[in-house]
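Under full-length UniProt numbering, the first residue of the sequence shown is numbered 1, with each subsequent residue one higher.
Think of the CB as a built atom: it goes at the ideal place given N, C-alpha and C, for glycine as much as any other residue.
Working notes, beginning with the structure itself.
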Amino acid sequence: MIYLLLSVLSSTIIFVVFRLYTRYGVNTLQAIIVNYFIACTVGYFGYIDNADFSKVPSESWFPGALVLGFLFITVFNLAAITTQRSGMSVVAVATKMSVAIPVACGIFLYNESTGFLKICGIILALIAVYLTSIKKKEGISIKTKNLIFPLLVFFGSGIIDTSLKYLETSYVAETDVGLFSSTIFATAGIIGTFILTGQAILGKLKITWKNILGGIALGIPNYYSIYFLVMALRSNGLESSTVFTMNHVAIVTFSTLTGILLFHEKLIRKNWIGLILAIISIILVANSAI
């Protein structure tokens, strides 16, 4: 359970960093790409002992890590497009509701438990995620022509979580968690570099120190959010459907509370109801795991 809590805290710090990007005018794409290389570096030098990096391409999990790295930056760009066309609330709902995919896979593919408390907790969790993510009383609205983008974010985010579970279960040894996580970030960073190179060729690239510092601030907690999530998935007594549900809902809860305390965010009634439901869902799912 400690790994799950540490993953949630790391993800909450990521929320704070993103909020500070808006305040200080940080270029999110540049910072994200720098963040991938920082996260990779943290893993390589902090959590990997006596690793022979030349053998990484021959590891059984390497192709999966490449795919995940591609998905990381692809989903990020899709999220950016969705934000521009439909708003931040739509992205938040699509990203967090995607927990339904790994939860369903855990139950149907890995034959995980489906007790009454757990099912009630999962249903409440999905409702809570929606209610805490919307920022307008009338809810969210999406134009039909823009619907494809939040759908891609939804499926992309869900596939990322599901793939993490599959790879750590089937291919990643406990001693390779750090190397596996760092390889994912390195792949995303390299792909991102090609994007920046394209911008430079078109004369649209302007790198500043605040973007680099923003990437450093994001990269450290980002690495730990993935590392501790993988470690939580490996914990005895915690099924993946339990881990993903509690992880997503706890992130929503902590991030919402942090927004109130640090950024003086104003919540509408639906947000408060969602927050209460989130806490109830965490209690139900946690009790079902005992």
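Check, Outcome
"Pro63 and Lys165: beta carbons closer than 9 Å?", "no"
"Does DSSP put Ile268 in a helix, in a strand, or in coil?", "coil"
"Going by the CB atoms, is the gap between Pro150 and Val90 shorter than 9 Å?", "yes"
"Taking Tyr36 as part of the alpha helix (DSSP H), name the residues at either end of that continuous run.", "28-46"
"What is the rounded straight-line gap between the Cα of Ser241 and the Cα of Ser98?", "12 Å"
"Considering only C-alpha positions, which residue in the set Ile2, Phe18, Leu9, Val26 is nearest to Lys210?", "Val26"
"Ile134: which of Met88, Ala100, Ile2 sits nearest, CA to CA?", "Met88"
"Buried or exposed, going by whether 16 or more other CB atoms sit within 10 Å of the CB of Lys55?", "exposed"
"Pick helix, strand or coil for Thr208, following the three-state DSSP scheme.", "coil"
"Taking Arg234 as part of the alpha helix (DSSP H), name the residues at either end of that continuous run.", "From DSSP, Arg234 is part of no alpha helix (DSSP H); its letter is neither H nor E."
"Am I right that Ser163 and Gly43 are in contact with their C-beta atoms under 8 Å? What's the rounded C-beta distance?", "Ser163 to Gly43, Cβ: 18 Å. No contact."
"Pull up the CB-CB distance for residue 294 and Val67, whole angstroms please, since I reckon it's below 8 Å.", "Outside the displayed range of the chain (1 to 290) lies residue 294, so it cannot be described from this structure."
"Near Ser60, which residues of its chain fall below 6 Å by C-beta distance, leaving aside the five closest residues on each side in sequence?", "Tyr171"
"Only counting the same chain, and skipping five residues up and downstream in sequence, which positions put a Cβ closer than 8 Å to that of Ile142?", "Ser86, Val90, Pro150"
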